[in-house]
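Structure, as structure tokens:
Residue numbers (our numbering), protein chains in the order written: chain A, 4 to 214; chain B, 4 to 214.
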């Protein structure tokens with residue numbers, strides 16, 4: 004397991020010679036390269052070439068490839084869901100909004116997961132960075148929508164199936180390309196909301212009959 | 004993209020100097036190594052060491068690393084589901100059996116998918132071998148159970164949600180370790196059948212009330 008630098012402050016101050024714009028540009032290039040070739044095949048040489056940096060600079064600023072990749076993931080692995088904007092007037096529309104939002108970056112997210120998946124098995128810090136930046140924001144948005152719906156009485160309770168919903172939603176991002184060799188798109192994920200999430204949560208367009 | 008040998012017959016006849024038992028042993032070792040280090044980090048040196056073969060023998064028999072890995076996947080990537088045995092008297096119990104069966108090898112299957120996932124993006128033959136040996140047998144078993152249930156009148160029709168079921172089932176194998184950092188087990192997958200598949204397919208233990 005690689006040893007990491009825990010003196011973040013010292014490292015950041017050395018890194019501060021780089022402008023924030025340049026740092027962001029460099030991280031984005033690292034992530035693009037990562038999606039293309041995968042973590043194992045990513046070399047500092049390739050990063051230096053792609054970003055027109057010197058290898059000496061990369062090592063001085065980030066110390067090692069694992070540290071550079073983790074910093075890139077922590078910075079810009081994925082945009083967090085615009086939680087407030089996803090909140091529609093009801094749960095069904097909110098989930099549809101989340102599906103549309105997730106579909107937009109799904110190909111980039113799954114490429115990142117594939118690129119890092121194997122290596123994260125043996126590198127807890129890499130696994131943490133992936134979870135915090137790519138996986139959890141989407142999941143928390145999904146769970147947040149369910150909780151709010153319970154709070155405002157739209158859902159009487161969260162049924163047991165709801166525990167599976169975020170995992171199924173997330174799992175489709177992998178399963179769709181693995182099985183059908185195409186990425187998920189808006190229709191596919193909104194279809195999941197309408198055909199799977201809505202009936203499982205007992206939500207309908209017409210209210211259930213009362214005794 | 005690697006160029007592959009298409010003269011399978013010639014290659015097989017050369018390979019026939021190895022006993023079937025030894026060939027199987029070698030393929031299993033290749034797949035174990037693949038699960039441990041991933042496709043990119045797998046070297047012919049490591050295969051030679053692990054299998055106590057000479058590198059010259061490996062290259063003579065299989066030509067290249069991609070060809071060896073594809074041959075190993077085609078041989079023994081995954082055991083096909085025992086379709087006949089999974090057939091219980093009704094769809095719910097059949098799906099539960101399939102879930103139990105899938106849970107048994109889930110960790111090995113997902114390790115293989117993670118190991119090959121990135122490289123399969125750029126290697127169609129590797130992608131084909133993964134799909135045919137690891138992905139499709141499980142999916143076809145799931146789809147087969149649904150079709151049989153329609154044929155014997157247990158399901159009036161296959162609802163739209165059923166299109167998502169195999170993808171969700173398969174997606175959980177990735178989503179569970181990615182999100183919760185544990186592999187799926189029997190309880191988790193049987194729970195998916197009971198909490199998700201059964202209500203989505205309109206199956207219940209008690210028949211629905213008639214008007």
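Every residue, glycine too, gets a C-beta built ideally from N, C-alpha and C.
Residue i versus the options, residue with shortest Cα-Cα distance
i                      : options                       : result
residue 193 of chain A : A:56, A:104 and A:30          : A:104
residue 165 of chain B : B:191, B:186, B:137 and B:196 : B:196
residue 75 of chain A  : A:206, A:182, A:108 and A:27  : A:27
residue 31 of chain B  : B:135, B:43, B:110 and B:77   : B:77
residue 79 of chain A  : A:190, A:40 and A:132         : A:132
residue 182 of chain A : B:111, B:41 and B:134         : B:134
residue 39 of chain B  : B:169, B:111 and B:102        : B:111
residue 191 of chain A : A:41, A:101 and A:85          : A:101
residue 142 of chain B : B:81, B:71, B:72 and B:155    : B:81
residue 73 of chain A  : A:128, A:184, A:207 and A:53  : A:128
residue 87 of chain B  : B:53, B:41, B:151 and B:52    : B:151
residue 155 of chain A : A:184, A:52, A:91 and A:180   : A:91
Other residues of its chain near residue i: CB distance less than 8 Å, five sequence neighbours each side excluded
i                      : result
residue 21 of chain A  : 29 and 64
residue 146 of chain A : 169
residue 89 of chain B  : 97, 100, 101, 104, 144 and 148
residue 43 of chain A  : 121 and 122
residue 85 of chain B  : 104
residue 207 of chain A : 201
Residues of its chain near residue i, where Cβ-Cβ distance is below 7 Å and the 5 sequence neighbours each way are ignored
i                      : result
residue 83 of chain A  : 140
residue 161 of chain A : 149 and 153
residue 201 of chain A : 95
residue 130 of chain A : 123
residue 93 of chain A  : 157
residue 109 of chain B : 176, 186 and 187
residue 212 of chain B : Confidence at residue 212 of chain B is low in this model, with a pLDDT of 44, below 50, so its placement is unreliable and the value that follows should be read with caution. Here the set comprises nothing.
residue 41 of chain A  : 118
Local Cβ density within 10 Å of residue i, reported as buried at 16 or more and exposed below that
i                      : result
residue 174 of chain A : buried
residue 99 of chain A  : buried
residue 205 of chain A : exposed
residue 126 of chain B : buried
residue 163 of chain B : exposed
Cβ distance (whole Å) where residue i is taken to contact residue j below 8 Å
i                      : j                      : result
residue 55 of chain B  : residue 48 of chain B  : Incorrect: roughly 13 Å between the Cβ atoms, too far for contact.
residue 198 of chain A : residue 167 of chain B : 6 Å
residue 137 of chain A : residue 116 of chain A : 7 Å
residue 114 of chain B : residue 188 of chain B : Contact flag wrong, Cβ pair sits at about 15 Å.
residue 61 of chain B  : residue 50 of chain B  : 6 Å
residue 121 of chain B : residue 178 of chain A : Residue 121 of chain B to residue 178 of chain A, Cβ: 17 Å. No contact.
Terminal residues of the alpha helix (DSSP H) in which residue i lies
i                      : result
residue 64 of chain A  : 58-65
residue 92 of chain B  : Residue 92 of chain B -> no alpha helix (DSSP H), and no H or E assigned at all.
residue 70 of chain A  : 68-79
residue 30 of chain A  : 23-40
residue 176 of chain B : 168-183
residue 153 of chain A : 139-154
residue 51 of chain B  : 47-54
residue 206 of chain B : Element bounds for residue 206 of chain B: n/a, residue is neither H nor E.
residue 190 of chain A : 189-195
residue 127 of chain A : 127-133
Neighbourhood of residue i by C-beta distance below 6 Å, restricted to the same chain and skipping five residues each side
i                      : result
residue 37 of chain A  : 45 and 118
residue 203 of chain A : 164
residue 53 of chain B  : 32 and 36
residue 180 of chain B : 186
residue 159 of chain A : none
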